[in-house]
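Each step along the sequence shown adds one to the number in UniProt numbering, with nothing skipped, and position 14 is 14.
Have a look at the structure below before the remarks.
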Amino acid sequence: MPSIKKNRILPLIIRRYLVSDAPALALAANHEQVASYMSDRFASPYTTADAEKFIQQTFHDDDTATYPHGAAILLKPGFPGNSSATDALLIGGIGTHALTDILYRTWDLGYYLSPSVWRQGYGTEALKAFTRWAFETWPTLNRIQAHVYESNTASQKLLQKCGFSV
Numbered sequence: 001m002p003s004i005k006k007n008r009i010l011p012l013i014i015r016r017y018l019v020s021d022a023p024a025l026a027l028a029a030n031h032e033q034v035a036s037y038m039s040d041r042f043a044s045p046y047t048t049a050d051a052e053k054f055i056q057q058t059f060h061d062d063d064t065a066t067y068p069h070g071a072a073i074l075l076k077p078g079f080p081g082n083s084s085a086t087d088a089l090l091i092g093g094i095g096t097h098a099l100t101d102i103l104y105r106t107w108d109l110g111y112y113l114s115p116s117v118w119r120q121g122y123g124t125e126a127l128k129a130f131t132r133w134a135f136e137t138w139p140t141l142n143r144i145q146a147h148v149y150e151s152n153t154a155s156q157k158l159l160q161k162c163g164f165s166v
């Protein structure tokens, strides 16, 4: 599988998860506002142990899968939402899951951002960059789709802004 390289777009970095990301992933994901819009298998509260398990599963899946399973979304230093002058801050995640049988060229998309960075344009940048990269990297990919709760109007608007039909 082609590797997810650091995809640098101002102000974000999208890259594979690292084992060392677990504490930051837990900090970004451990919010009721995030969990309420995720699937039932998303732990709440979301602990460092949950993050470690997820990252290990992502590594395992990336070794055998032909699609990008998961990537970290990091905010570069000095941008709104990251007060550090030197370190990128993990603010969310994005990934896909390929469907099976005749739908193998259709991928389900999942993503989240920490509530501290909602409504700042980072979701739009991450979603556009990730989907563009996926279609460029896998030319046989036909479709990326996302499932969104009816009550999650912000995510619906984000998807529409990025060219998805809702």
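Glycine included, each C-beta is placed from N, C-alpha and C at the ideal position.
What you are looking at is a predicted structure, and each value in this text was computed from that prediction instead of being measured.
Scan the stretch 60-131 and note each continuous beta strand (DSSP E) run of 3 residues or more that stays entirely inside, going in chain order.
-> 71-75, 89-98, 106-113
Look at the Cβ atom of G110, then the Cβ atom of G95, and state whether they are nearer than 8 Å.
-> The residue given as residue 110 occupies position 110 in the sequence shown. The residue given as residue 95 occupies position 95 in the sequence shown. Contact: yes.
In three-state DSSP terms, what is A146?
-> In the sequence shown, residue 146 corresponds to position 146, counting from 1. A146: strand per DSSP, three-state reduction.
Cβ neighbours of P45 in the same chain (closer than 7 Å, five flanking residues each side left out) | Translated into the one-based positions of the sequence shown, residue 45 becomes position 45. Excluding positions up to five away in sequence, the list reads N30.
Close Cβ partners of Q160 (< 6 Å) along its chain, the five nearest in sequence each way excluded | Here residue 160 refers to the residue found at position 160 of the sequence shown. The residues are V166.
Would E150 count as contacting chain B if we go by Cβ distances under 8 Å?
-> Of the chains in the structure shown, none is chain B; there is only one protein chain.
Using beta-carbon positions only, say whether A26 and A51 come within less than 8 Å of one another.
-> Position 26 of the sequence shown holds residue 26. Position 51 of the sequence shown holds residue 51. In this structure, A51 lies closer than 8 Å to A26 by Cβ.
Out of Q33, A24, I13, which has the shortest C-alpha to C-alpha gap to A154?
-> Taking the first residue of the sequence shown as position 1, residue 154 is located at position 154. Answer by Cα proximity: Q33.
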